[in-house]
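Each residue of the sequence shown is one higher than the one before, counting from 19 in the numbering used here.
We treat Cβ as the ideally placed atom computed from N, Cα and C, and that holds for glycine.
Since this is a predicted model, take the numbers as computed values, not measurements.
Working notes, structure below.
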Amino acid sequence: MHAYRASLLRFSPEGEALFDDDGLLVTAPDQAGVQRVLAAGPHREVAARHPQAAVTHWPGRILAPGFIDMHVHYPQTDIIGAPADGLLPWLEHYTFPAEARFADPAHAAEVASFFLDELQRHGVTTALTFCTSHPASVDAFFTEAQRRRLRMMGGKVLQDRHSPDGVRDETEQSLIDTEALIRRWHGQGRLGYAITPRFAPTSSEAQLRGAGELAARHSDTWIHSHVAENKDEVRWVRALFPQARSYLDVYQGFGLMRERAVYAHCIHFDDTDRQLMRETGAAAAVSPTSNLFLGSGFFDYAGAERIGMRHGLASDVGGGTSFSPFHTMLAAYYVGREGQTKPGLSLPPSRLWWNATGGAARALGLAGVVGTLQPGTEADVVVLNPQATPLLARKTARAQSLEELLFSLIVLGDDRVVERVLVA
Ligand code: GUN
Ligand code: ZN
């Protein structure tokens with residue numbers, strides 16, 4: 019058993035932020051050796067119930083749930099900040115050449131290790147990531163995640179058309195490889211497999227159909243793709259799939275909408291699309307730094323809220339510009355203000371933080387597993403230093419409320435705030 023004393027930020031299962039100035043978090047291992055939260059709350063109360071726990075005291079620090087990145091591309095680590103006219107030229111000029119290098123297992127292993135170092139340094143303990151079309155890229159990623167005992171999801175990209183040599187796969191083999199990778203990795207410790215058609219334009223109908231069949235046979239795997247990110251992309255999909263009502267409807271037609279289906283972007287949607295997301299239990303991965311960098315557009319938070327479409331936050335590195343959840347939350351705040359229709363704070367800081375932790379977990383189908391520090395959940399914990407810079411120390415000392423404290427961290431924070439990360 020371990021116990022940690024510091025300020026404590028946690029969330030109710032419904033998403034209410036709970037804060038104890040002087041808190042205590044007690045953890046104990048489960049049968050698999052994963053530390054889980056046994057108790058969390060005010061120090062006075064929790065310590066009285068667990069007098070035998072040896073306490074580590076971190077005065078002035080904040081314990082909080084590890085952050086969750088709902089959509090990222092580990093193979094794009096080296097192309098952050100590659101400028102382009104928009105999504106499609108960016109894919110052609112930077113992304114596909116960078117991903118072609120992942121045919122080499124040694125390159126994949128080196129990038130996977132750097133990527134996970136970087137996630138952990140930024141306090142991200144769970145991510146849903148694209149790999150590349152090469153099965154070796156998946157083995158490299160999961161091998162490294164397993165070594166670190168991280169809760170991670172990923173999968174082989176499916177792209178059998180409109181893709182250059184070096185990243186294009188072959189329809190039948192791609193589905194055979196996907197099923198073999200599901201059997202090798204899905205449910206191994208804390209790992210989960212994601213069936214990953216890149217996006218509708220780069221998969222044949224046969225490949226999308228095969229992906230949907232795999233998703234039905236392996237119903238607790240994830241499905242991971244992109245939708246309605248960029249206007250040129252939307253036009254292209256309309257030309258390729260004239261029978262579909264909308265871009266999203268293409269995925270629905272191939273059995274790719276269900277719980278644990280995660281679609282990045284969801285920008286150029288109408289309410290019928292949002293309703294389809296809600297009815298099927300699919301979730302949107304909102305990637306504001308990517309959407310601003312590539313000029314894709316603005317996610318409609320009010321629309322998501324009105325319809326009840328599940329969503330959470332994502333970096334989308336390398337379209338996204340930062341691994342830092344603080345940067346992602348701040349960009350989401352800007353975008354929320356841009357589209358604001360009602361008075362008041364459209365995205366209060368505690369909501370942004372929820373969207374990067376427990377809310378993201380819920381959207382991913384991981385409610386009760388990670389993201390809240392509720393008793394029974396896995397103990398992925400970040401230890402934050404609200405005095406990491408002189409300005410942060412000054413600002414956070416003056417905070418009059420939890421919202422003010424969280425806002426200071428979101429606006430001024432980055433990896434310097436993340437002092438330690440406790441994994442399971
Ligand atoms: N759509 C298809 N592939 C990609 C990708 O790699 N990044 C982004 N942002 N959108 C995509
Ligand atoms: Zn993406």
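In the structure shown, what three-state DSSP assignment does E188 receive?
Along the sequence shown, one-based indexing puts residue 188 at 170. In this structure, E188 counts as coil in the three-state DSSP scheme.
Would you decide whether D40 is buried or exposed? Buried here means 16 or more other CB atoms lie within 10 Å of its CB.
For the purposes of this step, residue 40 is identified with residue 22 of the sequence shown, where counting begins at 1. Classification of D40: exposed, given that the 10 Å Cβ count is below 16.
Can you name, in chain order, every residue of its own chain whose Cβ lies under 7 Å from the Cβ of V252, other than the five neighbours on each side?
Reading the sequence shown from its first residue, position 234 is the one you call residue 252. Excluding positions up to five away in sequence, the list reads A246, Y265, H286.
Any idea if Y352 is buried or exposed, counting beta-carbon neighbours within 10 angstroms, 16 or more meaning buried?
Taking the first residue of the sequence shown as 1, we reach residue 352 at position 334. Counting Cβ neighbours within 10 Å, Y352 comes out exposed, since fewer than 16 surround it.
Hey, T375 and P31: beta-carbon distance below 8 Å or not?
Here residue 375 refers to the residue found at position 357 when the sequence shown is read from its first residue. Here residue 31 refers to the residue found at position 13 when the sequence shown is read from its first residue. Pairing T375 with P31 gives a Cβ-Cβ distance that is not under 8 Å.
Where do the N-terminal and C-terminal ends of the alpha helix (DSSP H) with H61 fall, by residue?
Stepping through the sequence shown from its first residue, residue 61 is reached at position 43. From DSSP, the alpha helix (DSSP H) with H61 extends over 61–67.
I80 to T346, Cα distance in whole Å?
Counted from its first residue, the sequence shown places residue 80 at position 62. Counted from its first residue, the sequence shown places residue 346 at position 328. For I80 and T346, the distance between alpha carbons rounds to 20 Å.
Go ahead and pull the three-state DSSP assignment for A158.
As a working note, residue 158 is residue 140 in the sequence shown. Helix at A158.
F344 vs L424 beta-carbon contact at 8 Å:
Here residue 344 refers to the residue found at position 326 when the sequence shown is read from its first residue. Here residue 424 refers to the residue found at position 406 when the sequence shown is read from its first residue. Going by C-beta atoms, F344 is not nearer than 8 Å to L424.
Please list the terminal residues of the continuous beta strand (DSSP E) segment that includes P77.
As a position in the sequence shown, residue 77 is number 59, starting the count at 1. Segment 73–83, the beta strand (DSSP E) holding P77.
Is A300 helix, strand or coil by DSSP?
Counted from its first residue, the sequence shown places residue 300 at position 282. A300 falls in the coil class under three-state DSSP.
Tell me whether the beta-carbon of P93 lies closer than 8 Å to the beta-carbon of A124.
Looking up residue 93 in the sequence shown gives position 75. Looking up residue 124 in the sequence shown gives position 106. Not closer than 8 Å, so no.
With a threshold of 7 Å on Cβ separation, who are the neighbours of D195 within its own chain once the five nearest residues in sequence on each side are excluded?
Working through the sequence shown from its first residue, we reach residue 195 at position 177. So the list reads P153, K174, once near-sequence residues are dropped.
From this set, C284, V52, I86, A279, which residue's C-alpha is nearest M446's C-alpha?
Because the chain is modelled from 19 through 442, residue 446 falls outside the range shown and cannot be assessed.
Compute the minimum distance between the beta carbon of S264 and the heavy atoms of the ligand GUN, and state whether it is under 7 Å.
One-based indexing of the sequence shown puts residue 264 at position 246. Not so, every heavy atom of the ligand GUN lies at least 7 Å from the Cβ.
Which partner residues of Q177 appear in the DSSP bridge assignment?
Here residue 177 refers to the residue found at position 159 when the sequence shown is read from its first residue. Note: Q177 sits in no beta bridge, so no partner.
Of the listed residues D267, S368, Q293, A279, nearest to T239 (C-alpha basis)
Taking the first residue of the sequence shown as 1, we reach residue 239 at position 221. Nearest of D267, S368, Q293, A279 to T239, Cα basis: A279.
For R216 versus S243, is the C-beta distance shorter than 8 Å?
One-based indexing of the sequence shown puts residue 216 at position 198. One-based indexing of the sequence shown puts residue 243 at position 225. Closer than 8 Å, so yes.
Are at least three pairs of beta-carbons, each pair with one atom in the segment 402–422 and one in the segment 104–112, less than 8 Å apart?
Counting Cβ pairs under 8 Å, fewer than three are found: no touch.
Would you report the Cα separation of F37 and L168, rounded to the nearest angstrom?
Numbered from 1 along the sequence shown, position 19 holds the residue referred to as residue 37. Numbered from 1 along the sequence shown, position 150 holds the residue referred to as residue 168. Taking the straight line joining both Cα atoms gives about 26 Å.
Per DSSP, the bridge partner or partners of G172:
Along the sequence shown, read from residue 1 onward, the residue named residue 172 stands at position 154. BP columns for G172 point to T147, Y211.
When the Cα of G394 is compared with those of T45, A35, R235, which residue comes out closest?
One-based indexing of the sequence shown puts residue 394 at position 376. Per the C-alpha coordinates, the member of T45, A35, R235 positioned closest to G394 is T45.
Under 7 Å from any heavy atom of the ligand ZN, does the C-beta of H89 make it?
As a first step, residue 89 must be located in the sequence shown, where it is residue number 71. Flag set: Cβ of H89 near the ligand ZN.
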